[in-house]
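Colleague: Structure incoming, see below.
Number of protein chains: 2
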Amino acid sequence: MPIKTPFVAVDGIIQLFDENDNFQGIVLIERKNPPLGLAVPGGFVDVGETVEDALKREMKEETGLDVEILGLLGVYSDPDRDPRFHTVSITFVCRAYGIPVASSDAKEVKVFKIEDIPFDRLVFDHSKILKDYINR
Amino acid sequence: MPIKTPFVAVDGIIQLFDENDNFQGIVLIERKNPPLGLAVPGGFVDVGETVEDALKREMKEETGLDVEILGLLGVYSDPDRDPRFHTVSITFVCRAYGIPVASSDAKEVKVFKIEDIPFDRLVFDHSKILKDYINR
Chain A
1103 MPIKTPFVAV DGIIQLFDEN DNFQGIVLIE RKNPPLGLAV PGGFVDVGET VEDALKREMK
1163 EETGLDVEIL GLLGVYSDPD RDPRFHTVSI TFVCRAYGIP VASSDAKEVK VFKIEDIPFD
1223 RLVFDHSKIL KDYINR
Chain B
1103 MPIKTPFVAV DGIIQLFDEN DNFQGIVLIE RKNPPLGLAV PGGFVDVGET VEDALKREMK
1163 EETGLDVEIL GLLGVYSDPD RDPRFHTVSI TFVCRAYGIP VASSDAKEVK VFKIEDIPFD
1223 RLVFDHSKIL KDYINR
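So the protein sequences, as listed, match chains A and B.
The opening position of the first sequence corresponds to residue 1103 in our numbering, with each subsequent residue numbered one higher.
The opening position of the second sequence corresponds to residue 1103 in our numbering, with each subsequent residue numbered one higher.
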C-alpha cells in the first residue's frame, strides 16, 4: 500500500459506578511500558475492527471492565502527542460497574475522584483530554 | 513498525453559503477514481498532520474552498465501509463561502439542497454519514 498513515488508537474515559449507581471516580492506569506514568486506558485499533469494538476490547484488557460507550469526546491528532510515533486517538466517554483489575499494558489500575486527578503525572496529552472531559 | 493499523481519513460535510450568508446547499463531489459515484469530499491524513489540517487541505484540494470547521460529526470505522481497504473516517461539519471548483480526486463538484441529495448515488457509507448529519 503506497499510502502512509498515522496509527489509529482509542482511549476511554471510564466513569466507574458501584452497584448502587454511585459514582466512584475515573479509571486511570499506571503504565507498564514507556512512556511511564498515569494514562487514560487505551490502545491501538486492529485492521478489521471498528473503533467501538477496539475500545471495548482495550478497556477489558487493561482494566478488566466491560464498558458501555456513552459518546465521543474528541479526536486528538497532534503529531507530537505520542513520543513514539504519530498516533491519532479517538477518545470516548464510557461507563462501567465493578472492580477494575490491571492487566496487559497496565501495571496498576487506580480510580480517582475528579478533584484528585494528578494532572502532572499523566502521559501523552491525557491531561488535556481529561480537562476537555471535565470542561465539556 | 510491527503494529498494523487502519488508514486514517477525513471527510467534510461542507455547508456552502453565499456572500449574504444564505445557505446554498451541501457540497458533494463526483469521483474521478474508483469507487465511482458521488461522495462527501475527503481524503487521507498524512503522517505529521493533524486531522483538522488534513481536512482543510483536502477540502481545498478537492473543491477549492477554504473551510471553517464547525465540529466533529462522528467517526466511521466499519471495516467494510471502504471497498479498497480498512479506512477510519473522521467526519467533520464545516462551512465555506464562494464557488467550489473541482480538482484532485473530484471530476466535478456539485451543490445540493438537503432535500435534493441523491442518496442512492453516494459511495462508501456516505449516505449513512449524510443521514446522520441531517438527523443530528
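Note that beta-carbon positions come from the ideal geometry of N, C-alpha and C, so glycine has one too.
Quick caveat: nothing in here was measured; it's all calculated off a predicted structure.
So who's on the other strand from LEU1138/A, going by DSSP bridges?
Modeller: Locating residue 1138/A in the first sequence gives position 36, counting from the first residue. Answer is none; LEU1138/A lacks a bridge partner.
Colleague: Taking only the alpha-carbon atoms, compute the straight-line gap between ILE1231/B and ARG1183/A and give it to the nearest angstrom.
Modeller: Looking up residue 1231/B in the second sequence gives position 129. Looking up residue 1183/A in the first sequence gives position 81. Taking the straight line joining both Cα atoms gives about 28 angstroms.
Colleague: Determine, using beta-carbon pairs with one atom in the region 1159 to 1177 of chain A and one in the region 1109 to 1117 of chain A, whether at least three such pairs fall under 8 angstroms.
Modeller: Flag = yes, the region 1159 to 1177 of chain A and the region 1109 to 1117 of chain A touch.
Colleague: Hey, out of PHE1119/B, LYS1158/B, GLY1139/B, GLY1127/B, whose CA is closest to HIS1228/B's CA?
Modeller: Sequence index remark: in the second sequence, residue 1228/B carries index 126 (1-based). Nearest C-alpha to HIS1228/B: GLY1139/B.
Colleague: On the three-state DSSP scale, how would you describe PHE1146/A?
Modeller: Numbered from its first residue, the first sequence carries residue 1146/A at position 44. PHE1146/A: strand per DSSP, three-state reduction.
Colleague: Throw me the rounded Cβ distance for the ILE1324/B and VAL1177/A pair, which I believe falls under 8 angstroms.
Modeller: Nothing about residue 1324/B can be reported from this structure: the residues present for chain B run from 1103 to 1238 only.
Colleague: Starting from GLU1121/B, follow its DSSP beta bridges and name the residues at the other end.
Modeller: Within the second sequence, residue 1121/B is the residue found at index 19, counting from 1. Looking at the DSSP assignment, GLU1121/B forms no beta bridge with any residue, so it has no partner.
Colleague: ARG1191/A lies in the beta strand (DSSP E); which residues open and close that run?
Modeller: Numbered from its first residue, the first sequence carries residue 1191/A at position 89. Correcting the residue identity first, residue 1191/A is Ser in this sequence and not Arg. Element bounds for SER1191/A: 1189 to 1199.
Colleague: Of all Cβ atoms in chain B, is any one closer than 7 angstroms to the Cβ of ILE1171/A?
Modeller: Taking the first sequence and counting its residues from 1, the one referred to as residue 1171/A is at position 69. No - not a single Cβ of chain B is within 7 angstroms of the one on ILE1171/A.
Colleague: Which first and last residues belong to the alpha helix (DSSP H) in which GLU1163/B is found?
Modeller: The sequence position of residue 1163/B within the second sequence is 61, counting from 1. Its alpha helix (DSSP H) spans residues 1153 to 1165.
Colleague: Using the rule of at least 16 other Cβ atoms within 10 Å of the residue's Cβ for burial, across every protein chain shown, is ARG1133/B buried or exposed?
Modeller: Locating residue 1133/B in the second sequence gives position 31, where the first residue counts as 1. Burial call: buried.
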